[in-house]
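In the UniProt record's numbering, the protein residues as written are 1 to 88.
Every residue, glycine too, gets a C-beta built ideally from N, C-alpha and C.
Worksheet: the structure to be examined is printed underneath.
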Amino acid sequence: MFYTMEEAAVLGGFLELYLDRDSVDPAVRERHRKFRQGLMRGALERADYEWAAATLGFLRPQWWPEHEDHRALENALLKTRTLASKKE
Numbered sequence: 001m002f003y004t005m006e007e008a009a010v011l012g013g014f015l016e017l018y019l020d021r022d023s024v025d026p027a028v029r030e031r032h033r034k035f036r037q038g039l040m041r042g043a044l045e046r047a048d049y050e051w052a053a054a055t056l057g058f059l060r061p062q063w064w065p066e067h068e069d070h071r072a073l074e075n076a077l078l079k080t081r082t083l084a085s086k087k088e
């Protein structure tokens, strides 16, 4: 199971908004870059889903008050957690 194009767009756009900044730690920006590449290619692994779930959880306070598409983000977070919990 992978993300639909809509889920990938919502997830990728949201993470891009917060993680592609100079104020973000370089290691986090690099991890985000790798995740984004895997997302675009449809080649994510369990570790990628685990990272995305942790990152979305950490950023969750930002997306509830600021984004109309919070339901789409919540669905992406739930799906990401499901994908992260699956055995390879």
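Nearest residue (CA-CA) to G57, options A47, L44, A76 and A43: Ranking A47, L44, A76 and A43 by Cα distance to G57 puts A76 first.
Measuring alpha carbon to alpha carbon, tell me which residue in K79, R41, R71 and E6 is nearest A52. K79
Assigned secondary structure, G42 (DSSP; H/G/I helix, E/B strand, else coil): Coil.
Given a threshold of 16 other Cβ atoms within 10 Å of its Cβ, counted over all protein chains shown, does F2 qualify as buried or as exposed? By the Cβ-count criterion, F2 is exposed, with fewer than 16 other Cβ atoms from all chains shown falling within 10 Å of its own Cβ.
Please state the DSSP three-state secondary structure of D25. coil
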